[in-house]
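Trainee:
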Amino acid sequence: MAVTASLQRFVEDELSRAAALAETTADLTLAQLQQPREGMLSQAEREQHHELVQALPRHKPAFAQAFAEALRTGVLADLHGTEAASAPVPAKRGLELMDETRVEADIEISGAAQLIAGSADWELRELQTFVSTLAGHQHVVAETNPLRPLAYARALWTATGAVTESAALRGLLLRTAAGVMSGQLKHAWAAACTRLEAQGVEPSVYRTVVLAPGPQVERELTLDVTRPGALEGLLASMPGAAADAPVPRARTVDGPNPAFEDALTRLEALLQRASATPGAGPAPAPQLRQHRDALMASTAETVDRQVVELLSRLFEAVLSDPRLPPAFRTVMARLQVSALRVALADATMLAQHDHPVWRLLNRIGSVAETYTQTTDPRWATLLAFCDTLAEELARAPVQDALLYRQSLARLDAFLHEQLREQQRRAQPAIDALGGMEQREALERQLSHMLTEQMAAIRSTPGVRRFVTGTWARVLAHTMHAHGEKAEPTLAYLRATDDLLWSLRLPDHPQSRKRLLAMLPGLLQQLRDGMTLIGLPSGEQQPILDELMSVHTEALRPGKTAAPAEGELTPHEIVQRMRDETAWEAPSRPPFSDSLVDLSSMETVPAEILPAAAGSRDDPASSVDALLPGDRQHLFLQGRWTRVQLLWRSVRGEYFLFAGTDPAHPHSITRRALERLCAEGLMKPLDDVSLVQRAVDALMRKLTLPA
């Protein structure tokens, strides 16, 4: 949106107060953490909050600075409509997977925004009336105000990172600070309104508020358009409607009214000229309502007059819908005369909510919301196609339901091809996610097989976890990367056999000699495997120490036998072998006797399939229902974002969404989506259709006092 100089000055003035706000919030938060209220902290939080009490005073300056910088970046990005308000794109060019751990931060931010708005709701509403005036709006538009609770919650989350790296402590600090800041913002926003009022700024009339688009806005349904005859009955609520007025039906006259047709033709010519530069002209496109009197004066038929009245008012609401991007309003305006012609000739249009005319309007309105940047090539091609479609519809010699049904099919075919193109561009990410799912399924199956083998072996819990967990991951990684019959895979499988044998070593001299011969190579293979999957060295050493203890005991001839003079102890032998690598591992029938054929992984074994979601599990059912092409609102990286599902994996464990940046899709795990859905942070983009929103707006307007 265009930012006025007065709005820019106001925002800059408020941002200059952010550091002081953060310092006060830090002080009050610390006081509350030192003396928490009853029930404020859970048992786990009580055990952790002492660490936070010690850290917050030390990092208070960093906390305040991080908050002020993050708030400035986010607010200015929201104000100017850029994407900088979202989390920065990583410098590395790789697949960045959003799992359930990552979305926990988004859930915390969403909750913090609700806390901040909790006690300052009235002050926020009042501030919105002033900000709308500063932005040059006649009515209140909530999204005009960039100083919204979500902006403060995102900045607070960034500030918590300057105090601690622990996710649990950051969550505790965020929740406490958000509750404190709610009270601070109550006074800050009230003071801002007072300053603006003193400057002579007159607030917009709040009763005409236009709610910001987004799934977080609660909607009261005033008239369900899916109810049969709902649009026909809407005329009864309009001013001047007679109580005994006939229900609109198709015209029964033998031919068209020349004066009426002439009025429609003149309006069509105006719309055609206005569409020559779609979305670019400063003047709004002509509307039916502007020519309603002329059209109604051109016909004496009650049916025609009623249809004109209804369609003109509906299109007025459609073209004023805040969720419809400005560039697409020209497209909708171009369809006004065409839709009116169909309504006059087709009685079913006002009787059926799924008539092709309404379906096409809803489909264009839905897809128009998907992309937020006019520089996005997807946005440009979609707008160009819709412009062409509307122009061809308007010029068609016959205006009827069949024409709109064919146009809807063409739009769907275009959207399908646009989806296919995005999928082609995202193929590397799709392949990577598919490989991850296959590797994880293979890992689960290998872990199950190793667990069965370990059942008869007496070993320590750490070794058991290593074999059935870490080592199963090593085998799955190698088999997936090289194939089950490649030499690297066979080498690790031989190491698996050697490891399992060494854990159940018979108490026999020949067995101990054999173990002495294989240990150097086995230990090296274990090191290589752990390095292969990126296991940190700090996690490698404990398992090697535990294995050394197990093998030391295995090399001992008897419980009380002592080594001869000058003979190395079993512990010394194993310790020395840990650094040797020149030994050759013996060849024997490997673990490959129970190999998992990778080609069979396309058909998933029943034991590794995820349990079917129950009908009562709403988040799981919602995720199961997602199909490629579906458009959603997701709360990711601290803000609501519009996404389209490009792909879901065979087993439904991974999902790839196209976002606002066509070059950076969002890859998300199933569990993460279920967490977002459970918290109300995943909702359909077209939760309320364009026509339904227009009817709601019309009903609200009709019920306002004159």
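In my numbering, the protein residues as written are 491 to 1196. Quick reminder that beta carbons are idealized off the backbone N, C-alpha and C, glycines included. Here the structure is a predicted model, which is why all the values come from computation and not from measurement.
#1: Kindly indicate which residue of F553, Q935, A668 and L542 has the alpha-carbon position closest to the one of R963.
#2: Starting from I597, follow its DSSP beta bridges and name the residues at the other end.
#3: By the three-class DSSP mapping on this structure, what secondary structure does K975 have?
#4: Compare the Cα-Cα distances from S471 to each of R1165, L675 and D1151 and report the closest residue.
#5: Considering only residues of the same chain and omitting the five flanking positions on each side of Y861, which have a CB-CB separation below 8 Å?
#6: So, with DSSP's three-state summary, where would you put Y1144?
#7: Considering Cα atoms alone, identify which of L605, D902, T684 and V832 is closest to P887.
#8: Taking the alpha carbon of L1009 as the reference point, which residue from D997, P978, G1024 and A1044 has its own alpha carbon closest?
#9: Can you tell me where the beta strand (DSSP E) holding R1132 begins and where it ends?
#10: CB V670 to CB T515, shorter than 8 Å?
#11: Are at least three pairs of beta-carbons, each pair with one atom in the segment 900-913 and one in the segment 921-937, less than 8 Å apart?
#12: In this structure, how does DSSP classify S1179 when only helix, strand and coil are distinguished?
#13: Beta-carbon within less than 6 Å of K975's beta-carbon, same chain only, minus the 5 sequence neighbours each way: which residues are those?
#14: When burial is assigned at 16 or more other CB atoms within 10 Å of the CB, is A823 buried or exposed?
#15: What are the start and end residues of the beta strand (DSSP E) that includes S1157?
#16: So, is P636 buried or exposed, given that buried needs 16 or more other C-beta atoms within 10 angstroms?
#17: When the Cα atoms are used, what is the spatial distance from R548 to A495?
#18: Measure the beta-carbon distance from L893 to L883 and round it to whole angstroms, keeping in mind my assumption that it falls under 8 Å.
#19: Return the CA-CA distance between L1188 and V798, expressed in angstroms with no decimal places.
#20: Does the distance from the CB of Q1030 to the CB of M1020 come in under 8 Å?
#21: Going by the DSSP bridge assignment, what does K1173 pair with across the sheet?
#22: With respect to the alpha helix (DSSP H) encompassing N852, which residues constitute its N-terminal and C-terminal limits?
#23: Output the distance between the C-alpha atoms of L801 and A903, rounded to the nearest integer angstrom.
#24: Taking the beta carbon of G973 as the centre, do at least 16 other beta carbons fall within 10 Å, making it buried, or is it exposed?
#25: Using a Cβ-based criterion (distance less than 7 Å to any ligand heavy atom), does L605 qualify as near the ligand MN?
#26: As a quick exercise: from P1152, R638, T519 and R660, pick the residue whose alpha carbon is nearest that of T865.
#27: Whole angstroms are fine: how far does the CA of T960 sit from the CA of I1033?
#28: Specify, as a first and last residue, the run of the alpha helix (DSSP H) that Q842 falls within.
#29: In whole angstroms, give me the CA-to-CA distance for A916 and L1175.
#30: Restricting to Cα atoms, I'd like to know which of E541, H967, P978 and R507 is closest to L662.
#31: Would you kindly work out how many angstroms separate the C-alpha atoms of H1041 and L1117, rounded to a whole number?
#32: Taking 8 Å as the threshold (beta carbon to beta carbon), is Y861 in contact with chain D?
#33: Determine whether the beta carbon atoms of G564 and A645 lie at a separation below 8 Å.
#34: By the DSSP assignment, the alpha helix (DSSP H) with V953 in it spans what residues?
#35: According to the Cβ coordinates, are L640 and V691 closer than 8 Å?
#36: Grouping DSSP H, G and I as helix and E and B as strand, with all else coil, what is L587?
Mentor: Here's the rundown:
#1: Q935
#2: None, per the DSSP bridge assignment.
#3: The answer is coil: DSSP assigns K975 none of H, G, I, E or B.
#4: The structure shown does not extend to residue 471, since the chain is modelled only from 491 through 1196, so no value can be given for it.
#5: Answer for Y861: R868, W869, L872, R1132 and T1150, listed in chain order.
#6: strand
#7: If we check each option's Cα against that of P887, V832 comes out closest.
#8: A1044
#9: Element bounds for R1132: R1129 to R1138.
#10: yes
#11: Under the three-pair Cβ rule at 8 Å, the segment 900-913 does not count as touching the segment 921-937.
#12: coil
#13: none
#14: buried
#15: Run containing S1157: H1156 to T1159, per the beta strand (DSSP E) assignment.
#16: buried
#17: 39 Å
#18: 7 Å
#19: A straight line joining the alpha-carbon of L1188 with that of V798 spans about 15 Å.
#20: yes
#21: H1123.
#22: P846 to A858 is the extent of the alpha helix (DSSP H) around N852.
#23: 28 Å
#24: exposed
#25: The ligand MN is not part of the structure shown, which contains no ligands of any sort.
#26: For T865, the nearest C-alpha among the options comes from P1152.
#27: 10 Å
#28: Taken as a continuous stretch (DSSP letters only), Q842 belongs to no alpha helix (DSSP H), as it is neither H nor E.
#29: 22 Å
#30: E541
#31: Cα to Cα, the separation comes out at about 53 Å.
#32: The displayed structure is made up of one protein chain only, and chain D is not part of it.
#33: yes
#34: P951 to R955
#35: no
#36: In this structure, L587 counts as strand in the three-state DSSP scheme.
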